[in-house]
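For what it's worth, the numbering used here labels the leading residue of the first sequence as 7, then goes sequentially. A quick write-up on the structure given underneath.
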Amino acid sequence: MRIFKIMRSAGLQPDQFAYANVILACTAMEKFNLGNLFLSLVMKVGFLTSGYVLSGLIDLFAKGGCFVKALDIFLYGYSDNVVCWNAVIAGAVRNGESWIALKLFHQMVESLCMPNGFTFSSLLGACAAVGELDVGRTIHAWIVKFNQQDDIFVGTAAIDLYAKCGDMDAAVKMFLSMPAKNVVSWTALISGFVLEEDGDSTLKYFIEMLRNNIYINVYTITSVLFACAKCCMANISYQIHGLILKSALYTDPAVNAALINLYGRIGNVQMSEKVFKEGGMEMHLSNWSAMISSLVQNQYFSRALELFLQMLCEDLKPDKSCISSILSIVDCIIFGEQLHSYIVKVGLVDDLLVCSSLFTMYSKCGSIGDSYELFGQMPDKDRVAWTSMISGFARHGNAKEAFQLFREMILEGIKPDDMALSAALTACNSQIFLDKGKEIHGFSFRHGLSIDTVIGSSTISMYSKCKDIESARRVFAYIQCKDQILWSSLISAYSTNNKSEEAILDFHRMTTTGLEIDHVTCSSVLVACAQLFRPILGTQIHGQAIKAGLILHNSVASSLLTLYAKCGIISECRKLFDGIQNPDLTTWTTMIEGYARHGRAKEALKHLI
DNA sequence: CTAGGGTTAG
């Protein structure tokens, strides 16, 4: 740049190469604001016909985010130079104009300019960006026609396209056919398996990579760690962590964040904290947000809040994922409102993620009106936002509003998934909604979503709340893979519908399949025991609950209290109650009721006061 | 003039 200035001030006329090189330097230094200056200089001396200068200017404007200007210059200086075509096509892809890129390609071929590896690499990127597998296959055919299939960039871009579109067979085929591969080709393939949540294949290729002594970099490691997190591969995770410690990768903030996230997913918060502390926590925002979400996922709410407040004290600006994580654990409207003001202040209200978490917070804290108002103000709503609002209404017993929203969501063209259906089913909370529930059940059946246990258990609960226990049983029988959640839905369906014999029978059936009992199953079956006056069975289950650590759940404790109170074993009640660490409203009420039922008014009143 | 990742909310 300086030499260029000296040249001009000395009255020397720079030639096309001097201009091209100085423009190249501008791009490299990201001095995009100099684009217009050079454009006018170049126009004055008539160098826009030079392919070197033209391609440089196109690239400068495209990288500076002015694709329209880049396209203008290209069309004005119209050249049959392949580099100019490539620059404008790549610029289109970079600026999210994939379809323009593809159109330009066709014009290029029509004007008989031969595309090369650069062209195809960008075009495949364009297809990947818009998820156009079919167009991508057409481009692949062009690649073969122009004999560019051995280019390492083209091959890698093809792997990336197939991988992003979920066609892993094609990706592997491309990978194997490549005469030369590098770390990027390997990583593109591995990322495809990560997207598919195929942990086995991810590891298989990663190990193969290590065996072949391919240099592993940050991209590879973060992909593999992500796969470990997604597939909950705990043992392998520790080994890979060891590998990272031995390499220079441990100091990279992206790797740190990936490790923190991984340990959060596999439930080892202590390790998350360790990586967080070792990774220079004062520097990187991504580490803070990974750490907070790890804590939230594992229910360390107060520690999460502590870190959040620490961030504010240290003048670190929490990003949207931090704020969303924190919002998801807020259970007090005053704190929620404070966060709301903060979000408005930092200008994050219009963010889809933040706003979704915000209106969900209002609905969880009891302000369904505020929640719906915020929801209504959102310009774009995704499936999660719709689902969250539906379940907000369902939770507040506003069934009609929930159904209306479910309808609107489908009319908006958003396909409900298992969570959305489950939210709509939850709204059917009494017999009068049985028809509506059947309608939604039919919808999920028609859309092939009925095999899922999430939908399965919500469908069973729906029929249970609508007092159609026969249908609940039929849904249960239909589902092949029965997990604890499904069994517990059925058992609680019987127990809440006064079919206690059936509930106990199914409890025995469940335990014989080798499934562990959980707190929901346990408390349902105890309710059944109470109804049938079966203290002996109840005591047995009490023992199992202690062994499985379920006694810490207040729902289990209060079911046991009900059982002992009903069967007149008040001394056992008292012993149990005194052992409860955090008695809640239900456990207190049950205890008081127990005393009252047995004419122990004095004790009942003592508890009350 | 060209390539690979970071996922959070219901």
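For each residue, glycine too, the CB sits at the ideal point set by N, CA and C. Keep in mind the model is a prediction, meaning the values are calculated, not measured.
Classification of residue i by the beta-carbon crowding that lies within 10 angstroms, buried from 16 upward
i: I12; result: exposed
i: W91; result: buried
i: Q344; result: exposed
i: K179; result: exposed
i: Y82; result: exposed
i: F23; result: exposed
i: C338; result: exposed
i: I9; result: exposed
i: W105; result: exposed
i: V99; result: buried
i: K553; result: exposed
i: S330; result: buried
i: C361; result: buried
i: H514; result: exposed
i: V74; result: exposed
i: G403; result: exposed
i: D356; result: exposed
i: E476; result: exposed
i: L318; result: exposed
i: H453; result: exposed
i: C621; result: What the structure shows of the chain is the stretch from 7 to 615, and residue 621 is not part of that stretch, so it cannot be assessed.
i: I213; result: exposed
i: E578; result: buried
i: G443; result: buried
i: D584; result: exposed
i: T33; result: buried
Sequence-distant residues of the same chain with beta carbon closer than 6 Å to residue i, five excluded per side
i: T596; result: S564, L567 and T568
i: L624; result: Nothing about residue 624 can be reported from this structure: the residues present for the chain run from 7 to 615 only.
i: Y484; result: none
i: S327; result: S295
i: Y168; result: A176 and A177
i: D590; result: N560
i: S501; result: A509, S530, V533 and A534
i: G285; result: N262 and N293
i: S336; result: For clarity, residue 336 is Val in the given sequence; the question names Ser instead. The answer, listed in chain order, is G342 and M367.
i: E407; result: F399
i: Y469; result: S477 and A478
C-beta contact flag for residue i and residue j at 8 Å
i: N304; j: V350; result: no
i: R389; j: A426; result: yes
i: W294; j: L333; result: no
i: L66; j: G41; result: yes
i: A433; j: A400; result: yes
i: I396; j: F381; result: no
i: N122; j: Q155; result: no
i: D166; j: A186; result: no
i: D386; j: L440; result: no
i: L558; j: C528; result: no
i: G97; j: I64; result: yes
i: I374; j: G398; result: yes
i: I242; j: C234; result: yes
i: M646; j: F282; result: Residue 646 lies beyond the stretch modelled for the chain, which goes from 7 to 615, so this question has no answer here.
i: M174; j: G205; result: no
i: L209; j: C171; result: no
i: I586; j: T592; result: no
i: V481; j: I466; result: yes
Close beta carbons around residue i, own chain, < 8 Å, minus the five adjacent residues each side
i: I510; result: V531, A534, C535, L538, R540 and L543
i: S191; result: I158, G161, T162, I165, F181 and M184
i: V224; result: L255, D258, A260 and V261
i: S71; result: According to the sequence provided, residue 71 is Gly. The question's Ser does not apply to it. Hits under 8 Å: F38 and N101.
i: D376; result: F365 and Y368
i: V352; result: K323
i: S117; result: D86
Contacts around residue i, its chain only, beta-carbon distance under 7 Å, and the 5 residues preceding and following it disregarded
i: G57; result: S85, N87, V89 and C90
i: I575; result: P541
i: S127; result: F159, V160 and A163
i: S428; result: V460, I461 and S464
i: S300; result: I266, N267, Y269, G270, V275 and S278
i: S197; result: A169 and S229
i: Q437; result: C472 and K473
i: F232; result: V200 and A264
Whether or not the segment 252 to 264 and the segment 210 to 221 are in contact is what I'm after, with contact meaning three or more pairs of Cβ atoms, one per stretch, closer than 8 Å; do they touch? no
Take every Cβ of the segment 112 to 120, pair it with every Cβ of the segment 66 to 81, and state whether three or more of those distances are shorter than 8 Å. no
Using a Cβ distance threshold of 8 Å, determine whether the segment 459 to 470 contacts the segment 489 to 509, with at least three qualifying pairs required. yes
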